[in-house]
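Residue numbers (the working numbering): 44 to 198.
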């Protein structure tokens, strides 16, 4: 499966010539779909980072965008999911390129959703069903339904 997220930590050996792997974007969409976040700050393409190759699979930071030593770096793809890239029209020529672009957009969105879900901590939480009383031995992060309240409440 194609990764949509790459994570790094900036160290003292990195500089403006250090290439970082970037997720593959649809043809011609890397500048809008590939995003870079350093710490909690989103970076701007061409101001803070640029692509190092014509395939747009690696980025490097500009002098204006250099992170500090120890800063976490998150390079990720965020495909357009608000609108379709392809609109099929009756009577138009249907090509493999058009079909590929359509299916690749859907594939990228699915991979991005999977990767984002994999980053959440909800899978490590404890879940219980309750009939109105709290389960015993609960710790922070334990979720349970209080069925004695109306409406039922997740506690």
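Think of the CB as a built atom: it goes at the ideal place given N, C-alpha and C, for glycine as much as any other residue.
Of all C-beta pairs linking the region 101 to 117 to the region 152 to 165, fewer than three are shorter than 8 Å, placing the two stretches out of contact. Taking C-beta atoms as the reference points, residue 52 and residue 115 count as a pair closer than 7 Å.
Of all alpha-carbon atoms in 144, 118, 120 and 122, the one lying nearest the alpha-carbon of residue 130 is that of 144.
Counting along the chain, residue 52 sits inside the beta strand (DSSP E) bounded by residues 48 to 52. Excluding five sequence positions before and after residue 88, the CB atoms of its chain that fall closer than 7 Å to its own CB belong to 74, given in chain order. The residues 103, in chain order, have a CB closer than 8 Å to that of residue 60 in the same chain once the five nearest residues on each side in sequence are set aside.
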